[in-house]
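Protein chains in written order, with the numbering used here: chain Y, 1 to 394; chain R, 395 to 788; chain C, 789 to 1149; chain G, 1150 to 1510.
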Amino acid sequence: MELGFTEDERRFRAEVRRTLIEQVPERIRQAVREEKPLPRAWMVEAQRILNRNGYAVPHWPIAWGGRDWSAVKRAILAEEIDRAGVPKPLPFNVALIGPVIAAFGSEAQKRRFLPPIANLDLWFCQGFSEPGAGSDLASLRMAAVREGDHYRVSGQKIWTTYAHKADWIFCLVRTGQGGRKHEGISFLLIDLRTPGIEIRPIRTIDGYHHLNEVFFDDVRVPVENLVGEEGKGWDYARYLLGQERTSMGNVGFSRRRLDRVRELAGPLLDDPGYRRRLTWAEIELKALEITQMRVVANERPPSAGPDPKTSILKVKGGELLQTAAGLLLDALGPEALTAGFPQAAAEEPFQGHDARSALVSAYFSSRKYSIFGGANEIQRNILAKAVLGLGKAA
Amino acid sequence: MELGFTEDERRFRAEVRRTLIEQVPERIRQAVREEKPLPRAWMVEAQRILNRNGYAVPHWPIAWGGRDWSAVKRAILAEEIDRAGVPKPLPFNVALIGPVIAAFGSEAQKRRFLPPIANLDLWFCQGFSEPGAGSDLASLRMAAVREGDHYRVSGQKIWTTYAHKADWIFCLVRTGQGGRKHEGISFLLIDLRTPGIEIRPIRTIDGYHHLNEVFFDDVRVPVENLVGEEGKGWDYARYLLGQERTSMGNVGFSRRRLDRVRELAGPLLDDPGYRRRLTWAEIELKALEITQMRVVANERPPSAGPDPKTSILKVKGGELLQTAAGLLLDALGPEALTAGFPQAAAEEPFQGHDARSALVSAYFSSRKYSIFGGANEIQRNILAKAVLGLGKAA
Amino acid sequence: MNFEPDEEQRLLAASVARLFEDHGAQPSADPVRQWRDYRDMGLLGLPFAEANGGHGGRFEDVMLVMEAYGRALGQVPYPAVALLAGRLLEAAGGPTAQALLAEMIAGTKRVALALYEPGRRYRWDDPATAAECDGEGWTLTGAKIAVLGADRETVLLCPATTAEGLRLLAVPAGTAGVAMEMLPTPDGRQAANVRCDDARIPAAAEIGDPARNPALIAAAVDGAIAAACAEMVGAMERLLGLTVDYLGVRRQFGVAIGSFQALQHRAADMLMAIEQARSMTIHAVAMLDAPAAERTVAVAAAKALVNRSSRFVGQQAIQLHGGMGLTAEYPAGRYFQRLTVLENLFGDTGHHLDIVERAGV
Amino acid sequence: MNFEPDEEQRLLAASVARLFEDHGAQPSADPVRQWRDYRDMGLLGLPFAEANGGHGGRFEDVMLVMEAYGRALGQVPYPAVALLAGRLLEAAGGPTAQALLAEMIAGTKRVALALYEPGRRYRWDDPATAAECDGEGWTLTGAKIAVLGADRETVLLCPATTAEGLRLLAVPAGTAGVAMEMLPTPDGRQAANVRCDDARIPAAAEIGDPARNPALIAAAVDGAIAAACAEMVGAMERLLGLTVDYLGVRRQFGVAIGSFQALQHRAADMLMAIEQARSMTIHAVAMLDAPAAERTVAVAAAKALVNRSSRFVGQQAIQLHGGMGLTAEYPAGRYFQRLTVLENLFGDTGHHLDIVERAGV
């Protein structure tokens, strides 16, 4: 037992922190700290710096750029990236599709995709959710019909973050019927420039454009873009969801938000009520940091699927980001009243919103942390059933 | 619309308050304020004073001692009784069995029972819950088999408050099988001195003895003690539950507890955190007082069953009593550490516990407000289904 | 006590509900036209004494109107103009105020109270904006923020510090030296940040007087807070309705999600939060005529609780709508935005709790 | 970081779990016998340096022991005697303290720290209890309350105010002038209220010295708080287990109540509260060797969060047990009582939040 960080871990943290501050331009880190959305080019720039330092994909196989770092160190890295205001390595690339290709892709797919994914030369988005198949993913309906060396794909994906910035999308598609709902699902990589794909923005209450619907109308996808075996997509999706959870609790991000609260709250920090909310948030964050490490340190084979205890990180981490966003909003006082945003925010690069608007946006947009990626209700179901063993008999 | 109290209502409140303080002995009111359990004789004494003033059963038919007061006035009366530290008129008598006998009892039953019930010359307890039939009352099993001019009753009731102080018990019993679960239930009045009845105490975590199990082993109950018709017991129980709800929110009781917090908290009242908890409790109480009046003012025929909005009063009122009990506990500080109570508390009259023990007891015992009388979970089911119309299709 | 609207109130509630829902159905409709509709229905004069050209409505009537306004997500700045600035004019009295009020009721002039200043949060009683009088007129310098209901045609009521105390000056937005920046509110309306640099206005532009102004403004703000509480109750009520509808329609795992007990209980908690908020709104309205100290505490307590209910109901409504609640198109998000603005308006939860506690309650 | 117990810790945890569960199964067993069992297992000496006759255990070992103690609802005053008073003796050093410690470890003498006084809540650093030294010995006058672990055989460690500062005096409970009232704690154990009226003790009964005493006591209390946190985590864990079992067994409306989603989610919330409490306990334990200022903030933050979790978990466990949870016979209620006592012990939630905030965190 070693309940605190080791000397080696502390050194690692200091080194990461120094590297990030030295190498990632202040303009990028400032924009992140101010909760402003970044131009695509800045995100690419940041990820390439991370990749150069071995920070983008340390959890990947060493052959593809991974490092032999402990889970605790990887969690420290993730925390420091967030805390420093460096954009996270694009999770769709490094935490989701990358490991799936590394584990189940063909050699050709690995060579073709892994290096550009790590370096953000290729930008992937995630095509899982459909209207009517959100938390209940197994009822997805987008169909891929095999015709010779192609699939013909038709259907719709929804809530697709950054589809409008992405080059490729990885999709769960239905290639077979019958049997149980999650049988007959396959895992396809699709080039978004293929004819027949239409991306429509979903404007959100934070005034920005992150989300999209993606429509597929008879889209031809080469069979070589199938990952692994046809009909095994559900297994790969489970594997994907069991991947790198070292930043699931968003500890570094919450740390950054609470630091910002202290910068902005001014005299409110002497208001006992506001102060107490902040104190609780700080204590919750400390607890979450350690809970995160405890879950992370309990390394499981990815094939075991997600550790159900990561649901704690998801729920608590999301709640804390929401709490911090509420503190930021309240710090604005009546200044928030003129900190709205155009109904249809301008495209990148970010401009036209001042620091206050970005905070109001962050308050609205933070509701997503308890909705996307498995709503908190689903996470509680998981905890009750998979950890506590409740409700199985009923 | 008249959103505040009328002059007449204010006068009524002042008169009630004056009467209570003048007529109910200070020793009784002091013990109630200190949350000490009262000797039976004191409870009887208090109810007789209330009854003499028309305060015990104002909601009954005028022929049996009722008054023609508006629901708002009756709610004011209930609030003032609680607030003054006067023990409430025994609810099993005046709010539950009395109205049922008045509505469905025979003339002989009315003459025999109503006057002594109002005056607490006869003490009734309630025999509804059984092991395995708590919130799911319709699955009760205690059986009454008709034999000539008697029923032979066997079975068990549980959580019977004050059975050890009571003279009689009113019971739901099963007189028939088949059909739906709540058919074949009848409503019986049983003299607790009848042979074959055994009352066993249930000690609770507050150190006291309020609750009992009541066992019936082949108990002979005269048929004349059947209320209304055989097999209609479920309807009468529903009627009973739709009765007098003017103090469902326990507004006066919470007022009394918060007053006590102010007496006892001393320097904690200057502690910002404690202060804020008290402020919220005060605000919640004000809201509850008005919500109570709004529900009460919306008078419905008793045959309509309980107004589902009374569930709000039940939940919010209970939570507030629990919050106030927590404030009292925390006001004790380390003094609470030596404020325990003997594992098996002595019988009445109350003795051996100092004021601190009574508060610790109140903290533990206050958990019951969200459990008995329909747990908060059941109340939320009712609100979701009966008020919001949710889940009916599923 | 009697919570039932009388016949006249029922009629009023029904007709404003119809009007506001009509307006809501045409979001891009002409605001000038909508303002005229308010006037034609008598709403601009509703809260004012008949002697002042109003319709002598009671606070209860305003509460009914504002609940309907909240339910329909009203867009025109009726509360800011009529219920805050208008009522301040009536209370102040005197020829300037009366003339402005008459024009406001007639729908020919808009007025707005410039309450807040940069960096002072919700404090309005000690403005940094300064005014000097040289006999002929006033010279005004300072900044005001977040003036709801103001546009470039509005007459701004500006509290300003003078050697004699707090003055209240009626400054047409078009006055030379007045710069106005129209900015979007987080719920998609507009509010103004205003800068006055040596703006000159005639001596007659003063309303009220330094001795009474703090009390006049406090009373007007308390009335506006009670109105905001009613608006929030209306908005929460509709938002819960939208949520319950969605729970009945949206299916997952083969059943309507409204059959899941955890979601049912959340909806029940929202209902309770709204009912408690409605009760505190009633309390605030009932206390508007009480002595100032009691009134202020009652109103602050109400706003604190209504705010807390609003944050809970707003956030949970989005949660229960899932991704749909986050989209700008679906109405739930707009109610959440509106509630967020209203929580902030006239003081957030902590601000009002502080008032309650300072009063020693 | 490494949260896995090593082989030795696994053995320790397993054997104390067995012992404590055995004790728990015989609630009326002889406390003297139980105390001997603690000694025989090496628990009395566990946290002390080998040089002082102890076994050189680490804080982590104590944490494992206290979790097991909490799970089994331990009855003997091990934490008060060994982990609070014992550790204070070790830290103070000097012949008197060392001799007492040796006897404590040998199981032949009990010691207890008399920390609190009437009307001063959790403040111990400025006692009203006064001591005077006349060269031959001390005269002690004052009142102490809620001394856990004390009985009439105990040596009480009493902080007392003198002209030179805070003295720490070892007062055998049997000393003339010492009156002791044994009172029940809300979880059915015993604690003492103590009055000293001109109690005379020898000069050698002093331990520590005025310059170091506040720091020594603060460190000992912080260690005891971390131990209490571990105990609470163990108790909460078992209480959740009892609750989950009950949800699986108890049937209503024809199904196990554990199939109701609202109850499942409550249990999930309890789990999360416990995991967060466990993390903060780890944090407190990891910081026990840090500089005093950091240690105190970490321990206070931990106790605040563990307290909040405890109140939630305790109350919800009773709720989910329904009436059964309120009965004195069923174990859930006893865990709730224990947790309630532990929340209070060494400071309630507000007390610890104040400490965190005063430190400027």
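Ideal Cβ positions, reconstructed from N, Cα and C, are used throughout, including at glycine.
DSSP places E1285/G outside both helix and strand once states are collapsed to three, so it counts as coil.
Per DSSP, the beta-bridge partners of W168/Y are F124/Y, D191/Y. R174/Y carries a strand assignment under DSSP once its states are collapsed to helix, strand and coil.
Interface criterion not met: the Cβ of F1100/C is under 8 Å from no Cβ in chain G. Only those residues of the segment 1036 to 1054 of chain C whose C-beta falls short of 7 Å from the nearest C-beta of chain G are listed: F1048, Q1049, A1050, H1053.
D629/R and I579/R have their C-alpha atoms spaced approximately 9 Å apart. Chain G has no Cβ within less than 8 Å of the Cβ of V709/R.
Counting only runs of at least 4 residues, the segment 436 to 511 of chain R fully encloses the following alpha helix (DSSP H) elements, listed from N- to C-terminal order: 465 to 477, 492 to 498.
Remark: C-beta atoms of V1448/G and A1433/G approach each other more closely than 8 Å.
Apart from sequence neighbours up to five positions away, the residues of its chain that approach V145/Y with a beta-carbon distance below 7 Å are Y151, R152, ordered along the chain.
Contact check for D986/C against T949/C fails: the beta carbons are separated by 8 Å or more.
For G953/C, the secondary structure class from DSSP, reduced to helix, strand or coil, is strand. In chain order, P666, G667, R670 make up the part of chain R whose C-beta sits under 9 Å from the C-beta of R276/Y.
With a beta-carbon spacing of about 21 Å, H811/C and Q797/C fall beyond the 8 Å limit used to define contacts. In the same chain as A358/Y, and ignoring 5 residues on each side of it, the C-beta atoms closer than 7 Å to its own belong to E34, E35, K36, in chain order.
For the segment 1419 to 1447 of chain G, the set of positions with a beta-carbon nearer than 7 Å to some beta-carbon of chain Y reads L1420, M1421, E1424, Q1425, S1428, M1429, I1431, H1432, V1434, A1435 in chain order. As computed with DSSP, A527/R is found in a beta bridge with E524/R. DSSP, reduced to helix, strand and coil, places V1260/G within a strand of the structure shown.
Residues of the segment 627 to 643 of chain R with a C-beta less than 8 Å from any C-beta of chain C: none at all. Of all C-beta pairs linking the segment 303 to 320 of chain Y to the segment 259 to 270 of chain Y, fewer than three are shorter than 8 Å, placing the two stretches out of contact. Rounded to whole angstroms, the gap between the alpha carbons of S1428/G and A287/Y is 5 Å. Of all residues in the segment 1104 to 1119 of chain C, only I1106, Q1107, G1110, G1111, G1113, L1114, T1115, A1116, E1117 place a beta-carbon less than 8 Å from a beta-carbon of chain Y. Per the C-alpha coordinates, the member of K88/Y, M293/Y, H210/Y, K181/Y positioned closest to I49/Y is K88/Y. When Cβ-Cβ separations below 8 Å define contact, R1236/G makes no contact with chain R. M1385/G and A1050/C have their C-alpha atoms some 23 Å from each other.
Taking a C-beta cut-off of 7 Å against chain C, the contacting residues of the segment 117 to 148 of chain Y are G134, S135, D136, listed in chain order. If you compare the alpha carbons of L1475/G, A1379/G, P1226/G with that of D1300/G, the shortest gap goes to P1226/G.
Scanning its chain for C-beta atoms nearer than 6 Å, with the 5 sequence neighbours on each side dropped, one finds around P702/R the residues I776, A780, V781, in chain order.
Per the C-alpha coordinates, the member of F1100/C, R1083/C, A1081/C, S1047/C positioned closest to I1062/C is F1100/C. For the segment 2 to 17 of chain Y, the beta-carbon criterion of a distance under 9 Å to any beta-carbon of chain G is satisfied by E2, L3, G4, F5, T6, E9.
Separation of A890/C and Q156/Y (C-alpha to C-alpha, rounded to the nearest whole angstrom) is 58 Å.
The DSSP-derived three-state label of F1048/C is coil. Note: F609/R is bridge-paired with Q550/R, E592/R in the DSSP secondary-structure output. Counted as a single uninterrupted DSSP element, the beta strand (DSSP E) harbouring V1343/G occupies residues 1339 to 1351. Assignment of G965/C by DSSP, reduced to helix, strand and coil, places it in the coil class. Minimum Cα-Cα distance from G460/R among the listed residues P509/R, V480/R, D515/R, R434/R corresponds to P509/R.
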